[in-house]
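Enquirer:
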């Protein structure tokens, strides 16, 4: 199983003009239009841990904190057959990617007190493990 650690960095004010930067596995933060893609190899599954750096009042939403859909359009429904998530005791969002169907998935992260974030996951397929 692959494991990715993704740090979300709010830039600006929580109420008003805020944008997100993302840092994956300790690499340099990237801004909108350059968010790092998560790639899950064929035959593998993945746990993706999202944490918010210096969150202040920002927290992951209670409902639909993570929502993904196949394709490159912003999700309008949540694919619960490929992805499940929990929010751990540290307030981090932990997403399990079953990776049973290959393809590109666009996902959104929803928050309390901050705007939505919508990067990409590329599944190789063949994960085959279900939870």
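Residue numbers (my numbering): 960 to 1090.
The beta-carbon is built from N, C-alpha and C at its ideal position, and this holds for glycine as well.
Considering Cα atoms alone, identify which of 1083, 984, 1019 is closest to residue 994.
Expert: The shortest Cα separation from residue 994 among 1083, 984, 1019 belongs to 984.
Enquirer: Give the straight-line distance between the Cα atoms of residue 1059 and residue 1032, rounded to the nearest whole angstrom.
Expert: Each residue's Cα considered, the two are about 20 Å apart.
Enquirer: Taking C-beta to C-beta, are residue 1084 and residue 1061 nearer than 8 Å?
Expert: Contact: yes.
Enquirer: What are the boundary residues of the beta strand (DSSP E) that residue 969 is part of?
Expert: Unbroken beta strand (DSSP E) run through residue 969: 961-971.
Enquirer: Where are the beta strand (DSSP E) runs, 3 residues long or more, that stay fully inside the stretch 1009-1045, in chain order?
Expert: Here the runs fully enclosed are 1025-1029.
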